Structure formats: C-alpha cells, structure tokens
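What follows is a set of notes on a single structure, which appears directly below.
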Amino acid sequence: MAVALHKGGFNLALKDLFTKNQPKKKKYATIPETAKIDVPEGIMSKCPSCKKIMYTKELVKNAKVCLHCGYHFQMTAKERIDSFIDEESFVELNEEMISKNPLNFPDYLEKLEKDRQKSNLNEAVVTGMGSVNGHKIVLAIMDASFRMGSMGSVVGEKITRAIEKADELSLPFIIFTASGGARMQEGALSLMQMAKTSVALKRFSNNGGLIISIMTHPTTGGVSASFASLGDYNFAEPGALIAFAGRRVIEQSIREELPEDFQTAEFLLKHGQLDAIIPRLEMVEQITNILEIHQSGGELDW
Numbered sequence: 001m002a003v004a005l006h007k008g009g010f011n012l013a014l015k016d017l018f019t020k021n022q023p024k025k026k027k028y029a030t031i032p033e034t035a036k037i038d039v040p041e042g043i044m045s046k047c048p049s050c051k052k053i054m055y056t057k058e059l060v061k062n063a064k065v066c067l068h069c070g071y072h073f074q075m076t077a078k079e080r081i082d083s084f085i086d087e088e089s090f091v092e093l094n095e096e097m098i099s100k101n102p103l104n105f106p107d108y109l110e111k112l113e114k115d116r117q118k119s120n121l122n123e124a125v126v127t128g129m130g131s132v133n134g135h136k137i138v139l140a141i142m143d144a145s146f147r148m149g150s151m152g153s154v155v156g157e158k159i160t161r162a163i164e165k166a167d168e169l170s171l172p173f174i175i176f177t178a179s180g181g182a183r184m185q186e187g188a189l190s191l192m193q194m195a196k197t198s199v200a201l202k203r204f205s206n207n208g209g210l211i212i213s214i215m216t217h218p219t220t221g222g223v224s225a226s227f228a229s230l231g232d233y234n235f236a237e238p239g240a241l242i243a244f245a246g247r248r249v250i251e252q253s254i255r256e257e258l259p260e261d262f263q264t265a266e267f268l269l270k271h272g273q274l275d276a277i278i279p280r281l282e283m284v285e286q287i288t289n290i291l292e293i294h295q296s297g298g299e300l301d302w
C-alpha cells in the first residue's frame with residue numbers, strides 16, 4: 001500500500017539518502033585564551049648556540065653545559081663554588097667589603113644596590129679558602145651578574161688580599177675571571193687595580209707561589225690585561241671571549257678585517273696566549289692533577 005509523503009517528509013527522506021553514508025565531520029572546540037597553560041619562567045632553558053631547549057634543572061646538574069652541543073653557559077660565583085670546591089670546605093674572605101662613590105658619579109650607589117639585590121653579592125668577586133679533592137687553595141671567582149664583573153677598587157682590593165692570604169699560608173691561588181674590564185664609574189682608581197693586583201702576584205710568584213688563572217666568558221679590558229693573564233698556568237673554558245679592546249676598534253685602527261674566531265679561547269690557544277682549554281666538566285680533574293704535581297714530591301703521571 002502506497003504511503004503518501006507530504007512535502008516536508010519527502011525532503012527529509014531525500015536528505016537522509018545522500019547523507020546517511022557520508023563520514024561525519026569532526027567537531028573542534030576552541031580553547032579560550034584563559035585555558036592555555038604557560039610554562040613557568042625558568043623551567044626551560046634555550047641554548048644560544050644550538051637553539052635546543054632543555055630542562056633548566058638538567059642543565060644545572062650538568063654544570064650549565066648544554067646537553068646537546070657542549071655550549072658553556074655563564075655561571076654565578078655560587079654555582080662555580082658548588083661545582084668546583086669540595087662540599088662544605090669553602091670559607092669566604094672579606095665578604096663585607098662594599099664600594100663607595102669616590103668620584104660622585106651620578107646614580108652609581110643606586111646601581112650598586114640594585115646589583116646587590118639581584119645577585120645576592122656585595123661585589124663582583126667572591127674570594128675565599130677551600131679545597132679541590134682535598135687540596136687546600138685560596139680562590140677568587142668573578143661574577144658577571146654584578147656590574148658585568150667590572151673591576152673597581154673593591155674588586156682589586158679583594159683579589160689582592162686573597163693573593164696575600166695565599167702567600168701567607170703558602171697555598172696555591174686560583175682565579176676564575178669574568179669581566180667587562182675596569183669600572184668606568186671609578187675612573188683612574190679602577191685602572192690602578194691593574195698595577196696593584198699585578199704587583200701582588202709578582203711578589204707571590206717570587207715566594208714560590210702557584211698561580212692558576214682560568215678565563216671564562218667574557219674576560220676583557222683591564223682584567224684580561226692584568227691578573228687574568230699572569231698565571232703560571234693560563235687556561236680558559238671553551239668558546240670564551242678573551243680580549244682587551246673590541247673587535248671594531250681594532251679593525252678601525254689597523255684597517256683590516258679580522259678572522260671570524262678572533263678573540264675566542266680557541267684563537268688565543270692557537271697563537272700561544274693560553275696553555276690549554278679545559279671543558280668545565282673536566283675542570284676539577286685537570287686542576288687536581290696540577291695541584292698534585294706541585295705538591296712536595298709530586299710527579300707528572302704520563
């Protein structure tokens with residue numbers, strides 16, 4: 001028996017015929033902006049060399065050396081102490097010393113205070129005594145997070161006192177340098193630190209003291225031209241910028257284009273200004289070997 005379809009029912013039946021076996025379109029929900037989850041700042045770190053991203057915790061565990069390409073990130077003085085010095089052996093010297101404003105340079109004291117808050121340091125160098133695999137040393141570590149590690153009167157004085165302490169105790173003196181050079185806000189007083197620290201090192205050396213200088217990125221200006229280059233051993237970390245004047249200034253002076261790797265640790269090693277480049281993860285082992293050689297009765301194990 002035929003069943004009459006009214007117009008609306010016929011249209012529905014026809015639509016069913018053509019759409020019944022068609023795949024259904026996927027439905028997508030739009031996530032509102034407020035529902036997106038942001039990664040908290042500091043959780044991840046991006047390598048400036050290979051551009052790979054890694055967990056900051058893993059990077060710190062690896063002594064802030066990129067897990068993919070070996071790029072050496074800058075370290076703070078505290079991080080350096082934790083990675084280099086035997087646990088609980090470090091005793092800080094002259095921690096309370098702070099800079100004044102002898103030239104009444106505008107806003108200088110305010111900038112110093114901001115850096116103290118940011119870095120939790122009183123100055124751009126930390127000095128103290130500790131041990132490396134049981135070998136007692138006197139140590140100075142420059143920190144680029146405070147005024148870019150620039151050398152003012154207090155930096156020069158703390159380093160000089162550390163050298164004199166090493167001389168007094170007949171201990172090796174090790175310094176990690178990281179600096180933009182002399183501190184402009186203290187003018188000639190900053191430049192005088194070059195002579196003061198150099199004389200202290202010379203006196204220490206004449207008394208038989210061992211000086212190990214380790215240049216990290218960057219070591220420039222008056223620091224590279226004084227105590228950073230006066231070690232019995234002059235080492236550097238891979239890829240470190242080591243320079244006195246800037247590339248552009250030199251190129252304008254000599255009217256020549258300089259090599260691409262000019263002023264890198266690798267370039268300086270090739271041309272005889274460094275004794276070796278030591279990767280950070282090998283630093284403790286290599287420095288321990290040198291300290292053992294220079295002990296009474298120490299021998300070089302070939």
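First residue of the sequence shown: 1, per UniProt numbering; consecutive thereafter.
Glycine included, each C-beta is placed from N, C-alpha and C at the ideal position.
Values in this document were obtained by computation on a predicted structure and should not be read as measured data.
Short Cβ contact (8 Å threshold) for residue i with residue j
| i | j | result |
| --- | --- | --- |
| T56 | S45 | yes |
| T219 | I242 | yes |
| D258 | A265 | Here residue 258 is Leu; the residue named in the question, Asp, does not match the sequence. Not closer than 8 Å, so no. |
| S198 | L230 | yes |
| A225 | F204 | no |
| E164 | A200 | yes |
| G134 | V91 | no |
| A182 | M151 | yes |
| Q185 | F105 | yes |
Buried or exposed by the 16-neighbour rule on C-beta atoms within 10 Å, applied to residue i
| i | result |
| --- | --- |
| N122 | buried |
| C69 | exposed |
| R147 | buried |
| L281 | exposed |
| G222 | buried |
| G149 | buried |
| A188 | exposed |
| R80 | buried |
| A35 | Confidence is the limiting factor: at A35 the pLDDT is only 48, short of 50, which leaves the residue's position unreliable and the question unanswerable from this model. |
| G208 | exposed |
| V154 | buried |
| I246 | Note that residue 246 is Gly in the sequence shown, not Ile. By the neighbour-count rule (16 or more Cβ atoms within 10 Å), G246 is not buried but exposed. |
| N234 | buried |
| I287 | buried |
| L103 | exposed |
| Q263 | buried |
| S179 | buried |
| S190 | buried |
| residue 305 | Within the shown structure, residues of the chain are numbered from 1 to 302, placing residue 305 beyond reach of any answer. |
| K111 | exposed |
Integer Cβ distance of residue i from residue j, believed to fall under 8 Å
| i | j | result |
| --- | --- | --- |
| V138 | F173 | 5 Å |
| F227 | I290 | With 8 Å as the limit, F227 and I290 do not qualify as a contact, their Cβ atoms being about 18 Å apart. |
| A240 | H217 | 4 Å |
| A236 | I211 | 15 Å between Cβ atoms; not a contact. |
| S99 | K118 | Not confirmed; about 15 Å, so no contact. |
| D143 | A124 | 6 Å |
| L93 | A162 | 6 Å |
Residues of its chain near residue i, where Cβ-Cβ distance is below 7 Å and the 5 sequence neighbours each way are ignored
| i | result |
| --- | --- |
| G42 | T56 |
| L109 | N101 |
| M1 | Its pLDDT being 45, under 50, M1 is placed unreliably by the model, and the measurement read from it follows with that caveat. Within the same chain, M1 has no close Cβ partners at all. |
| K202 | none |
| E95 | N122 |
| V284 | F84, V132 and N133 |
Sequence-distant residues of its chain with Cβ nearer than 6 Å to residue i (five each side left out)
| i | result |
| --- | --- |
| S83 | A63 |
| V126 | A77 and I141 |
| L169 | none |
| L67 | M54 |
| C47 | C66 and Y71 |
| D86 | S131 |
| A196 | It should be noted that the sequence gives Lys, not Ala, for residue 196. For K196, where only same-chain residues beyond five positions count, the Cβ hits under 6 Å are G156 and T160. |
| L269 | I277 |
| S89 | G130 and S131 |
| M75 | K64 |
Any non-hydrogen atom of the ligand HEM within 7 Å of residue i CB
| i | result |
| --- | --- |
| V223 | Questions concerning the ligand HEM fall outside what the structure shown contains, since it holds no ligand whatsoever. |
Cutoff 8 Å; reference residue i; Cβ partners in own chain excluding five residues on either side
| i | result |
| --- | --- |
| F267 | P259 and D261 |
| M97 | N122, E123, V154, E157 and K158 |
query = What runs of the alpha helix (DSSP H), each 4 residues or longer, lie entirely inside the stretch 125-191?
reply = 153-169
query = Unbroken alpha helix (DSSP H) runs of length 4 or more, entirely within the stretch 233-257: which are they?
reply = 247-254
Inside the stretch 86-131 only - alpha helix (DSSP H) runs reaching at least 4 residues = 108-119
query = What residue ranges within the UniProt zinc finger region "C4-type" (47-69) form continuous alpha helix (DSSP H) runs of no fewer than 4 residues, ordered along the chain?
reply = 56-61
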